[in-house]
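Trainee: Got a structure here, written out as structure tokens. Questions coming.
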Amino acid sequence: MKTTLFSFLILFSTLCFSQEKKEAISFDKKEITINPLIKGALYSPLKANKKTNLVILIAGSGPTDRDGNQKGMTNNSLKYLAVNLAKNDIAVFSYDKRIIAQMAAGTINEKDLSFDDFITDAKDVLAFFKNQKKYNKITIAGHSEGSLIGMVAANGKADAYISLAGAGRTIDAVLIEQIEKQAPFLKDEVQADLEILKSGQTFELKNKMLASLFRESVQPYMISWIKYNPQNEIKKLQIPVLLVNGTKDLQVTVSEAELLKKAKPEAQLVIIEDMNHVFKEIKGDETENMKSYSDPNLQVAEKLVAAINLFIKSL
């Protein structure tokens, strides 16, 4: 009898827990394939209808997946943002960059990578969901490098646009500033190399210290990226724009968002105190900041979710 009663209590406890867990879930997650190179996760509110708005999240630089992670750097930044927006009745699609599929298939060739390909991917994702005609408004939100990608893709296609820690200057200007801070003795050489790339030409790299920036296989990508000026691109947008940056961002400072705001005065600018580049709230020093890049359990800043939620609901 005791055994039976104990088993019943365990079963009852499990059922209660399952029910509580079920009630706590306020969104549905579904795998979506756009094309052989682009796959992602669609987070949809359980009560989604024709009034539901969709946000398409575009990841930052490097081999970044739908969750905002790279090998050896798991922080779940995009995943947590998507989940929290879905809980606020906003559908979100976050996708793996094409590099993820290419790496898995063993077909990646760095020489063939182009910034324009990522713009094409974003446009394909947008077209896929627009053709479904099931969402009220569709917003493109790009993080870091994805900000510029989304900015170009959104022009004439999306209903709204969000820049998340996006640069306000061309990549060559950003790189020169970073080199000046970290290795000032290389500034002149880097500047000369960038001028060659800006002309559309490649060059023979002799300084191996600059291999990470200018190795032969990455130069074509730099040429395709350097031609886009965020300040020029954002001026082309005739849709509502939200610019977001954090004061603890070590990679893209608040001044970059301010440059975009200057180029697009009607855009909304939100500066989030203590938020870093991967949307985490940092109260401590730079060490804590860097650790958050590999902390998969640390949630994204609540003020970020609130700002995006308010923007989307106002469309």
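For the record, in the sequence shown the residue sitting at position 14 is 14 according to the numbering used here, with numbers rising by one throughout.
All C-beta atoms in this analysis are idealised placements derived from N, C-alpha and C, irrespective of residue type, glycine included.
Remember, predicted model here, so these are calculated numbers, not experimental data.
How long is the line joining the alpha carbons of residue 140 and residue 220, rounded to whole angstroms?
Mentor: Taking the straight line joining both Cα atoms gives about 26 Å.
Trainee: Output the residue ranges of the beta strand (DSSP E) runs that lie fully inside the stretch 109 to 165 and measure 3 residues or longer, sorted by chain position.
Mentor: Counting only runs of 3 or more, we get 138 to 143 and 160 to 164.
Trainee: Grouping DSSP H, G and I as helix and E and B as strand, with all else coil, what is residue 311?
Mentor: It is helical.
Trainee: In chain order, what residues of the same chain lie with their CB nearer than 6 Å to the CB of residue 88, ignoring the 5 residues before and after it?
Mentor: If we look at residue 88 and ignore the five residues flanking it on each side, its Cβ neighbours are 309.
Trainee: From the DSSP secondary-structure annotation, give me the bridge partner or partners of residue 73.
Mentor: Answer is 70.
Trainee: Determine contact between the stretch 22 to 42 and the stretch 90 to 98, defined as no fewer than three beta-carbon pairs at a distance below 8 Å.
Mentor: Contact holds: three or more Cβ-Cβ distances are below 8 Å.
Trainee: DSSP three-state label for residue 91, please.
Mentor: In this structure, residue 91 counts as strand in the three-state DSSP scheme.
Trainee: Check for me: the beta strand (DSSP E) holding residue 44 runs from which residue to which?
Mentor: Here the beta strand (DSSP E) through residue 44 covers 38 to 45.
Trainee: How many Å lie between residue 98 and residue 215 at the Cα?
Mentor: Rounded to the nearest angstrom, the two C-alpha atoms are 21 Å apart.
Trainee: Would you mind reading off the limits of the alpha helix (DSSP H) that contains residue 287?
Mentor: Looking at the DSSP string, the run of the alpha helix (DSSP H) that includes residue 287 is 286 to 291.
Trainee: May I ask which residues mark the beginning and end of the alpha helix (DSSP H) holding residue 188?
Mentor: It spans 187 to 198 - the alpha helix (DSSP H) in which residue 188 sits, taken as one unbroken run.
Trainee: Under 8 Å by Cβ, that's how I've got residue 247 and residue 275 pegged, so tell me the actual separation to the nearest angstrom.
Mentor: Residue 247 to residue 275, Cβ: 7 Å. Contact.
Trainee: I'd like to know whether the C-beta atoms of residue 86 and residue 44 end up nearer to each other than 8 Å.
Mentor: Yes, these two residues count as a Cβ contact at 8 Å.
Trainee: Just checking my contact of residue 280 with residue 292 at CB under 8 Å: how many whole Å lie between their CB atoms?
Mentor: The pair is a contact, with the Cβ atoms about 4 Å apart (cut-off 8 Å).
Trainee: Is residue 170 buried or exposed, if buried means 16 or more other CB atoms sit within 10 Å of its CB?
Mentor: By the 10 Å Cβ count, residue 170 comes out buried.
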